[in-house]
Amino acid sequence: MEDLKRRIRQEGRNLGQGILKIDSVINHQVDATLMLEAGAEFARQFAGVHPTRVLTAEVSGIIPAMATAYAMGLPLVYARKHKPVTMTEPVFVEFAPSHTKGGEVSLMVSPEFLHPGDRVLIIDDFLATGQTIAAMARIVESAGATLVGVGTLVEKSFEGGREALVDLDVPIVSLVIIDEMRSNGSIIFDE
């Protein structure tokens, strides 16, 4: 997606250690038009797998996942990182390390929103190591649902996430792929 790549070139900052700051696009301020375009592209790419709901992890995944759910006319479910008092037991819980949070986070989904027989499309902001997406895939499996695809705005291919997810045996679509983030601050895209 050329518009997203252009915005990363113009506004993205390589903070080192594989961290890409794109706060002006998705992680703090949201470019709603660009996210709606991303959602429409995911809807186009995943139309053939016939999902029944979209799943993501809070917080930064919610925007592209909502845009996708809207474009596909589907409900959006997001895995919570903190259990609210309104979420009653039992819940599906998995854990994943967070590169930006510097520790492990829990991901929780209530069984009232993820059912056996659902066909689930995971949409997230980044694909790096793949561990957050793998945790969501385990939640899908625990629910008795079927994972039908994974979509991410940005893939950092040098972190090996796609390879870590190969056993999921579903289509993985990344709108922008970054091959390298150099120590001099440059960002090298897969062309």
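Counting in my numbering, the final residue of the sequence shown is number 231, and the numbers go up one at a time with none missing. Yeah, the Cβ is synthetic: ideal placement off N, Cα and C, and Gly gets one too.
Contact between the stretch 159-169 and the stretch 120-128 is absent: fewer than three C-beta pairs spanning the two stretches fall below 8 Å. Per DSSP, the unbroken alpha helix (DSSP H) holding residue 43 starts and ends at 42-51.
Here the stretch 75-90 does not lie against the stretch 216-231, with fewer than 3 beta-carbon pairs under 8 Å apart.
With a cutoff of 7 Å on beta-carbon distance, residue 132 and residue 183 are scored as near each other. In terms of Cβ geometry, residue 70 and residue 47 do not form a close pair [threshold 7 Å].
Counting along the chain, the unbroken alpha helix (DSSP H) around residue 182 starts and ends at 171-182. In the three-state DSSP reduction, residue 67 falls in the helix class (H, G or I). Looking only at 220, 84 and 192, the smallest Cα-Cα distance to residue 173 is reached by 192.
Taking C-beta atoms under 8 Å as the contact rule, residue 136 and residue 111 fail to qualify, at a distance of about 27 Å. In the same chain as residue 175, and ignoring 5 residues on each side of it, the C-beta atoms closer than 6 Å to its own belong to 134, 136 and 147, in chain order. When only Cα atoms are considered, residue 223 and residue 58 end up about 10 Å apart. Residue state for residue 153 is assigned as coil, using DSSP reduced to three classes. Excluding its 5 nearest sequence neighbours in each direction, residue 197 has C-beta neighbours in its own chain below 6 Å: 217 and 219, listed in chain order. Membership of residue 86 in the alpha helix (DSSP H) is indicated by the continuous run 72-86.
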